[in-house]
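Chemist: Input: one structure, supplied below.
There are 4 protein chains.
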Amino acid sequence: MSPRTVEQYEQIRSEKRTIIMNAAIEVFAEKSFQGASVSMIAQKAGISKGLLYNYFKSKEELLKEIIKNAADTIYQYFDPNHDGILTAEEFFFFIRKNFQVVKENVNYWKLYSALVLQPSVLKLIDHDFDEVSANYIKLVYDLFERSGIEDVEGELLLLTSMVKGAIIQYVAMPDFFPIDKIESKILEYYRNKLSV
Amino acid sequence: MSPRTVEQYEQIRSEKRTIIMNAAIEVFAEKSFQGASVSMIAQKAGISKGLLYNYFKSKEELLKEIIKNAADTIYQYFDPNHDGILTAEEFFFFIRKNFQVVKENVNYWKLYSALVLQPSVLKLIDHDFDEVSANYIKLVYDLFERSGIEDVEGELLLLTSMVKGAIIQYVAMPDFFPIDKIESKILEYYRNKLSV
Amino acid sequence: MSPRTVEQYEQIRSEKRTIIMNAAIEVFAEKSFQGASVSMIAQKAGISKGLLYNYFKSKEELLKEIIKNAADTIYQYFDPNHDGILTAEEFFFFIRKNFQVVKENVNYWKLYSALVLQPSVLKLIDHDFDEVSANYIKLVYDLFERSGIEDVEGELLLLTSMVKGAIIQYVAMPDFFPIDKIESKILEYYRNKLSV
Amino acid sequence: MSPRTVEQYEQIRSEKRTIIMNAAIEVFAEKSFQGASVSMIAQKAGISKGLLYNYFKSKEELLKEIIKNAADTIYQYFDPNHDGILTAEEFFFFIRKNFQVVKENVNYWKLYSALVLQPSVLKLIDHDFDEVSANYIKLVYDLFERSGIEDVEGELLLLTSMVKGAIIQYVAMPDFFPIDKIESKILEYYRNKLSV
DNA sequence: AATGAATGAGGTTTCATTCAT
DNA sequence: CATGAATGAAACCTCATTCAT
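Just so you know, the sequences run in chain order A, B, C and D. Going by the working numbering, the first sequence opens with residue -14, and the numbers climb by one from there. Going by the working numbering, the second sequence opens with residue -14, and the numbers climb by one from there. Going by the working numbering, the third sequence opens with residue -14, and the numbers climb by one from there. Going by the working numbering, the fourth sequence opens with residue -14, and the numbers climb by one from there.
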């Protein structure tokens, strides 16, 4: 009958936050940020609307936290060794990792892809990850240059287009789009280009 | 002040419909279907809410009509000569036309791209165009096969990914993404493949 | 069947605004700003909650408009002739007018008196009227000085206290507090002081 | 670590009750009864919401207890010697005490003044003190009569108005309103009237 | 005695849609 | 054809209160 300890409370909060955020990712992905209601999210999370507001001070805040949380997770995956050099091997690893992360978080990426197209919501979210992303692009740029590729900028555009196009088609129809096949195809393309 | 003829009336109606639909495309693209209010659309179209409902019986209907109308327009562009054969030249024309259409209707494609990611809204709209699209893919398939390309399916996946990836990046940031450059790059890629 | 003219719409809006504001004054006076719900106000005004928001963009805004509107009305009563001189006669008239205005707008003054005690709400409202009020006090100050009153500041404090005390007691219990009697008493007090 | 005695427990409870009530007075004065949340009060008291409900069974109950507690305290100050006679000296003492009590409990009086204007909340609270108050008025009435004052009722109205007006102005702006000056002024007024 | 997670009713606000004019 | 006032359902959010620990 003694009251819960601070640790117990913290664990409850942390676990419930995760439950809510996961529920929200699902509903946002299905209905879009604006189309999803807080009631739906609470219901999917198995809690009352009121409690959701105990954990997140608004629907907007909930979205921000989801993005922030995902960004933090992805940082870890992609933070390259900071020697400033990206080898061809690392590049292939990066591509594969990229697809793996998407496959493991389809709903998150669906949500994120929709946000990218929605300026009015996009401006709500932090863009810390943009910098990491830009750094990575820079490393790939250097790799392409070192590998004797002529039109480096064009090749980078092609890379981002292929990858983003594959991801968008996959998250739009995860049960039908053959993501593994396109992944192989992209890797194959670069195997030739980077003439390992 | 002679009374207007039936034709005149119909033309007026048709023009106003277009004005409303264009306003709606803009607002939908900016705010998403759910985030856009009928008031905003009416205001942007320069008419009253009531009149909007005179032309479209609901917000949903308005969306459907936009999609249908765009599909009709695009039919015209892409309906190939029905001889069942797509030449390499026609293929290149098709790619170029594709990008041109996107560049001329950025907001429409932004809206459409967002819809593709939103199953709950997507199911509202007609999918007549899907068939045309599938036919076209079939023609490209045949062309690739005829051209001695080995992994035809993989190559098709790569094509749709590159194009969709380019489009999505462009509509997300039309002022910054170098769409012409990626267009050239894609064309170049197929110039090699199709060994014209 | 022809649509309403702009004038007709303006009249409707103007009349309904007044109806809503009057309903709100009553409910605010009875329940306080925070204790009054928009539903109550709409019900008392005989309209739907939604319509209220067509006229006032928030409950706060409604309060502000009430205060502003009242201030404007009261300006007219009290704007003195701008010769910068207040005669004893004018002073008596001012006191009487003051009480009359309160008696004719009990609920408004009840609301206003409560607001004065509530800093968190008070800061929402404009204080344009404060200046007019300060000017008036200045004129009374001069009158008292001209009339040979010794402790002018003390006498001013006494004046505002008597008047405000009378008003507060009256608005708290309008059916029981003998406002006319206290009014006479105050006037009598100054008749002696100003030895007309 | 000997177990606490019943007395110790009760003292602890009593002290905590006081802490909570003081916190509540502050928050009620700042935000009004309806605008203050139980969370704010608990936070200001430095305890949890749950514990607050251990001491007071509802927000309403907390308000009632505050009023009751204050009334009890004030009884002590003002319960006159029960000989049924109020001397002029005692009257002056009463006035001074009155202002002193207000100055020492600004927030309580601010809260109380706001309540007086709010019938819907006012009816929640006990009005035991009203009787004491009425008795006191009676004693003052007698004093005025004995002192040869002509319009006794009018003079009583003036008295309550002056005092309440001074208090209300003071509690509305305690840092600016010169309460000591108006206190002297009122005392002076009665020194003349009661021709001591 | 003490905590804060949890609820649910009810508050404020928005908006698709209808309708009198 | 055209207006915008009006509605009502449903959205977001708050908060007094309860309860397991």
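C-beta: ideal position from N, C-alpha, C; glycine also.
Relative to the C-alpha of S33 of chain C, which candidate in C:E46, C:I4, C:Y60, C:E15 has its C-alpha closest?
Modeler: Of the candidates C:E46, C:I4, C:Y60, C:E15, the one whose C-alpha sits nearest the C-alpha of S33 of chain C is C:I4.
Chemist: Over the uninterrupted alpha helix (DSSP H) stretch that includes D115 of chain C, give me the two end residues.
Modeler: Unbroken alpha helix (DSSP H) run through D115 of chain C: 113 to 131.
Chemist: Can you give me the C-alpha to C-alpha distance between M(-14) of chain B and Q(-4) of chain B, rounded to a whole angstrom?
Modeler: Here M(-14) of chain B scores only 45 on pLDDT, less than 50, and its place in the model is too uncertain to base an answer on.
Chemist: Contact criterion: CB-CB distance below 8 Å. Does G133 of chain B meet it with respect to chain A?
Modeler: False, the Cβ-Cβ gap to chain A never drops below 8 Å.
Chemist: Would K95 of chain D pass as a contact of L109 of chain C if the rule is Cβ separation under 8 Å?
Modeler: Taking 8 Å as the Cβ cut-off, K95 of chain D and L109 of chain C do not qualify as a contacting pair.
Chemist: Determine the contact status of V148 of chain C and G150 of chain D, defining contact as a CB-CB distance below 8 Å.
Modeler: Yes, Cβ-Cβ distance for V148 of chain C and G150 of chain D is below 8 Å.
Chemist: Do the segment 124 to 142 of chain C and the segment 66 to 79 of chain C touch if we need at least three Cβ pairs shorter than 8 Å?
Modeler: As far as the Cβ criterion goes, the segment 124 to 142 of chain C touches the segment 66 to 79 of chain C, which means the pair count is three or higher.
Chemist: So, is the C-beta of K44 of chain A closer than 8 Å to a C-beta in chain B?
Modeler: No - not a single Cβ of chain B is within 8 Å of the one on K44 of chain A.
Chemist: Return the residue from the list D:A9, D:L179, D:G31, D:N90 that minimises the CA-CA distance to G152 of chain D.
Modeler: The question names Gly, but residue 152 of chain D in the sequence shown is Ile. Selected option, being the one with the closest Cα: D:N90.
Chemist: Given a threshold of 16 other Cβ atoms within 10 Å of its Cβ, counted over all protein chains shown, does K9 of chain A qualify as buried or as exposed?
Modeler: Looking at the sequence itself, residue 9 of chain A is Ala, so the reference to Lys does not match. Result: buried.
Chemist: Could you spell out the range, first to last residue, of the alpha helix (DSSP H) harbouring P104 of chain B?
Modeler: From DSSP, the alpha helix (DSSP H) with P104 of chain B extends over 104 to 107.
Chemist: Could you tell me whether the Cβ of A151 of chain D comes closer than 8 Å to any Cβ of chain C?
Modeler: With 8 Å as the cut-off, A151 of chain D counts as an interface residue toward chain C.
Chemist: What's the C-alpha gap between V156 of chain A and Y97 of chain A?
Modeler: Approximately 10 Å between the Cα atoms of the pair.
Chemist: Using only the alpha-carbon positions, how far apart do G133 of chain D and Q61 of chain C sit?
Modeler: In a straight line, the C-alpha of G133 of chain D is about 43 Å away from that of Q61 of chain C.
Chemist: Under three-state DSSP, which class holds K42 of chain A?
Modeler: K42 of chain A falls in the coil class under three-state DSSP.
Chemist: Anything in the segment 100 to 127 of chain C with a Cβ closer than 8 Å to a Cβ of chain D? List those residues in chain order, please.
Modeler: Under the 8 Å Cβ criterion, the segment 100 to 127 of chain C contributes V101, L102, Q103, P104, S105, V106.
Chemist: For chain C, find out if any of its Cβ atoms is closer than 8 Å to the Cβ of Q154 of chain D; answer yes or no.
Modeler: Taking Cβ atoms only, chain C reaches closer than 8 Å to Q154 of chain D, which makes this a yes.
Chemist: Taking CB distances under 8 Å as the criterion, tell me whether K34 of chain C reaches chain D.
Modeler: No, its Cβ sits nowhere closer than 8 Å to a Cβ of chain D.
Chemist: When you compare the CB positions of I167 of chain C and S146 of chain D, do they come within less than 8 Å of one another, or not?
Modeler: Cβ distance < 8 Å, so I167 of chain C and S146 of chain D count as in contact.
Chemist: At the 8 Å Cβ level, is I26 of chain B part of the contact set with chain A, yes or no?
Modeler: So no, I26 of chain B is outside the interface.
Chemist: Smallest Cα separation from D165 of chain B: which of B:R(-2), B:Q85, B:K16?
Modeler: Measuring from the Cα of D165 of chain B, the nearest candidate turns out to be B:Q85.
Chemist: Starting from the C-beta of K53 of chain C, find all residues in its chain whose C-beta is less than 7 Å away, skip the five residues before and the five after it, and write them out in chain order.
Modeler: Excluding positions up to five away in sequence, the list reads D111.
Chemist: Which first and last residues belong to the alpha helix (DSSP H) in which T191 of chain B is found?
Modeler: Summary: the structure shown does not reach residue 191 of chain B, with chain B confined to residues -14 through 181, and so no result is reported for it.
Chemist: Could you check the C-alpha separation between R81 of chain D and F114 of chain D for me, to the nearest Å?
Modeler: Computed Cα separation, rounded: 19 Å.
Chemist: On the DSSP letters alone, give me the boundaries of the alpha helix (DSSP H) that Y31 of chain A sits inside.
Modeler: Correcting the residue type first, residue 31 of chain A is Gly in the shown sequence and not Tyr. Per DSSP, G31 of chain A belongs to no alpha helix (DSSP H) and is neither H nor E.
Chemist: Check each residue of the segment 160 to 171 of chain A: if its Cβ is closer than 8 Å to any Cβ of chain B, include it; give the result in chain order.
Modeler: Here the close residues are P163, K166, I167, S169, K170, I171.
Chemist: CB V106 of chain A to CB F162 of chain A, shorter than 8 Å?
Modeler: The answer is no: Cβ separation not under 8 Å.
Chemist: Throw me the rounded Cβ distance for the P159 of chain B and E15 of chain A pair, which I believe falls under 8 Å.
Modeler: The pair is not a contact, with the Cβ atoms about 28 Å apart (cut-off 8 Å).
Chemist: So, using beta-carbon positions, are L37 of chain A and I26 of chain A closer together than 8 Å?
Modeler: Going by C-beta atoms, L37 of chain A is nearer than 8 Å to I26 of chain A.
Chemist: Tell me, please, whether the CB atom of S17 of chain B is closer than 8 Å to any CB atom in chain A?
Modeler: By this cut-off, S17 of chain B is an interface position.
Chemist: Determine, using beta carbons only, whether M6 of chain B comes closer than 8 Å to chain A.
Modeler: No - not a single Cβ of chain A is within 8 Å of the one on M6 of chain B.
Chemist: Could you name the residues of chain A that T145 of chain B contacts, counting a contact when the two beta carbons are closer than 8 Å?
Modeler: Chain A residues near T145 of chain B: G150, Q154.
Chemist: Can you tell me which of the three DSSP states D160 of chain B falls into?
Modeler: Here D160 of chain B sits in coil by DSSP.
Chemist: From which residue to which residue does the alpha helix (DSSP H) around L100 of chain D run?
Modeler: Note, L100 of chain D: alpha helix (DSSP H), 91 to 101.
Chemist: What is the DSSP secondary structure of S180 of chain B, reduced to helix, strand or coil?
Modeler: Reduced to three states, the DSSP call for S180 of chain B is coil.
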